[in-house]
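To start, the structure itself, in structure tokens.
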Amino acid sequence: MIHTVFIDGEAGTTGLKIRERLQGRDEIKVIELSKKYRKIVEARAEALNSVENCNVRVIDASVAYRTHSDWVYGFPEYERGHREKIINANRVSNPGCYACGAISILHPLIKSGLILKDDPVTINAVSGYTGGGKKLISEFQNTTLAGNSNKAFYHYALNLEHKHTEEIRQHSGLTRRPIFVPSVGRFAQGMIVSVPLQLWALSGKPKPGDIYNVLSDHYAGQRFVVVVDKENTTKTFDNLDPEALNNTNQLKLYVFENEGHEQAVVAVILDNLGKGASGQAVQCLNLMLGLNEEKGLQ
2 MIHTVFIDGE
12 AGTTGLKIRE
22 RLQGRDEIKV
32 IELSKKYRKI
42 VEARAEALNS
52 VENCNVRVID
62 ASVAYRTHSD
72 WVYGFPEYER
82 GHREKIINAN
92 RVSNPGCYAC
102 GAISILHPLI
112 KSGLILKDDP
122 VTINAVSGYT
132 GGGKKLISEF
142 QNTTLAGNSN
152 KAFYHYALNL
162 EHKHTEEIRQ
172 HSGLTRRPIF
182 VPSVGRFAQG
192 MIVSVPLQLW
202 ALSGKPKPGD
212 IYNVLSDHYA
222 GQRFVVVVDK
232 ENTTKTFDNL
242 DPEALNNTNQ
252 LKLYVFENEG
262 HEQAVVAVIL
272 DNLGKGASGQ
282 AVQCLNLMLG
292 LNEEKGLQ
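Numbering (our numbering), first residue to last: 2 to 299.
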């Protein structure tokens, strides 16, 4: 059976990567709009066969529906039984890249009670500049143009209003907004998302090893989400590389603990254009079409 797919926004950063990941797939036919029709609403609606049509199944990679109760959140590894929700859904919202990393850490820890829903949480993150789309890509790559950046690194969204924050709060299970401090570096793609934890201050009173055990149990047997074992975690104490998983659909969690100080940092590496965007979308697409979810992914 051949499945017909239309990528609305195929000329964007994520759309191009989705298209690239679908190349060579005999069971998928991608509908194209010529360049002059891409921004014409009527042409896009016709290609979608009207999104309101119950026979049309949609994966939305924008921020629009990520906290909408009628849309299934497109993170297959979110919790047990969530794959089935995606398989049966007509409307799936693809997670934001930062949110995917933060939620992969926080949701299992909150669900287990190690972090309580109203505990204060801080999230730090750094992304490659492709996370900002064409405008930010141009800013970093065309440094000779007026107004463009020659910075090596900078924080942004310091008004604490980043568009992923509410998504993180809702899908992690927090009742209060976390502090989220994103940043961008002079590298194209890849990201690190980290959550520092004062173990002594957490209401759930986790002991050393509890965080690692909860995350390992939660993601046991997953192909694309892996908790790195303690031996290999120690090898990255001084060299956690945000680009290590580029061009893959993988997400790796590292638990760094100091028992004497009663402190921990849980860090995630992922490709902001892979598991953080196009790879995740293709994984959900595979599930919705009844295909092997790993097809076209690595």
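Don't be surprised by glycine CBs; every beta carbon is placed ideally from N, CA and C. Predicted model only: the values in this text are computed from it and were never measured.
Quiz item: Do the CB positions of alanine 126 and glycine 97 come within less than 8 Å of each other?
Solution: For this step, residue 126 is matched to residue 125 along the sequence shown. For this step, residue 97 is matched to residue 96 along the sequence shown. No, Cβ-Cβ distance for alanine 126 and glycine 97 is not below 8 Å.
Practice problem: Kindly indicate which three-state DSSP category leucine 338 falls into: helix, strand or coil? | Solution: Since the displayed the chain opens at 2 and closes at 299, residue 338 lies outside it and no answer follows.
Self-check item: C-beta contact flag for arginine 58 and valine 73 at 8 Å
Solution: For this step, residue 58 is matched to residue 57 along the sequence shown. For this step, residue 73 is matched to residue 72 along the sequence shown. Contact: no.
Self-check item: Boundaries of the alpha helix (DSSP H) in which arginine 92 is found, first to last residue
Solution: Against the sequence shown, residue 92 aligns to sequence position 91. Where arginine 92 is concerned, there is no enclosing alpha helix (DSSP H), although the beta strand (DSSP E) it sits in stretches over 92 to 94.
Exercise. Go ahead and label valine 276 buried or exposed: buried means 16 or more other beta carbons lie within 10 angstroms of its beta carbon, across all protein chains shown.
Key: Against the sequence shown, residue 276 aligns to sequence position 275. Valine is not the amino acid found at residue 276; the sequence shown has lysine there. By the neighbour-count rule (16 or more Cβ atoms within 10 Å), lysine 276 is buried.
Practice problem: Could you tell me the boundaries of the alpha helix (DSSP H) in which threonine 234 lies? | Solution: Along the sequence shown, one-based indexing puts residue 234 at 233. Where threonine 234 is concerned, the enclosing alpha helix (DSSP H) stretches over 231 to 235.
Quiz item: Of all the options Leu110, His172, Met2, which has the alpha carbon lying nearest to the alpha carbon of tyrosine 220?
Solution: The residue given as residue 220 occupies position 219 in the sequence shown. Out of Leu110, His172, Met2, Leu110 has the C-alpha closest to the C-alpha of tyrosine 220.
Exercise. Name the one or two DSSP bridge partners that glutamate 258 has.
Key: Here residue 258 corresponds to residue number 257 of the sequence shown, with the count starting at 1. Its beta-bridge partners are Ala265.
Self-check item: Below-8 Å beta-carbon distance, lysine 135 vs any chain B residue
Solution: Included in the structure is just one protein chain, with no chain B present.
Quiz item: Alpha carbon to alpha carbon, how far is valine 194 from valine 185?
Solution: Mapped onto the sequence shown, residue 194 falls at position 193. Mapped onto the sequence shown, residue 185 falls at position 184. Approximately 12 Å, taken between the alpha carbons.
Exercise. Identify, in the order they occur along the chain, each residue of the same chain with its Cβ nearer than 6 Å to the Cβ of glutamate 1, setting aside the five sequence neighbours on each side.
Key: Residue 1 falls outside the range modelled here, since the chain spans only 2 to 299, and no answer is possible.
Quiz item: Looking only at its own chain, which residues have a Cβ that is under 8 Å from the Cβ of glycine 174, when we skip the five neighbours before and after it?
Solution: If you number the sequence shown from 1, residue 174 lands on position 173. So the list reads Leu107, His108, Ile111, Lys112, Lys118, once near-sequence residues are dropped.
Exercise. Determine the DSSP secondary structure at serine 173, reduced to helix, strand or coil.
Key: Here the question's residue 173 lines up with position 172 in the sequence shown. Reduced to three states, the DSSP call for serine 173 is helix.
Exercise. Assuming leucine 340 and aspartate 211 form a contact by the criterion Cβ under 8 Å, report the distance between their Cβ atoms to the nearest whole angstrom.
Key: In the structure as shown, the chain starts at 2 and stops at 299, and residue 340 therefore has no counterpart that could be examined.
Self-check item: C-alpha gap between leucine 246 and glycine 280, whole angstroms
Solution: Here residue 246 refers to the residue found at position 245 when the sequence shown is read from its first residue. Here residue 280 refers to the residue found at position 279 when the sequence shown is read from its first residue. So the alpha carbons of these two residues sit roughly 12 Å apart.
Self-check item: Contiguous beta strand (DSSP E) assignments of at least 3 residues, all confined to the segment 102 to 139
Solution: 123 to 129
Practice problem: Could you tell me whether the segment 62 to 70 touches the segment 166 to 180, where touching means 3 or more Cβ pairs closer than 8 Å? | Solution: yes
Quiz item: Quick check: the segment 222 to 242 against the segment 250 to 259, are there 3 or more CB pairs under 8 Å?
Solution: yes
Self-check item: Spatial distance of histidine 4 from arginine 84 (CA atoms)
Solution: Residue mapping note: residue 4 aligns to position 3 of the sequence shown, counting from 1. Residue mapping note: residue 84 aligns to position 83 of the sequence shown, counting from 1. Roughly 20 Å separates the two Cα atoms.
Practice problem: Please check the pair glutamine 251 and valine 283, which I expect to be a contact at CB under 8 Å, by giving their CB distance rounded to whole angstroms. | Solution: Against the sequence shown, residue 251 aligns to sequence position 250. Against the sequence shown, residue 283 aligns to sequence position 282. In fact, because the Cβ distance is near 13 Å, the residues do not count as touching under 8 Å.
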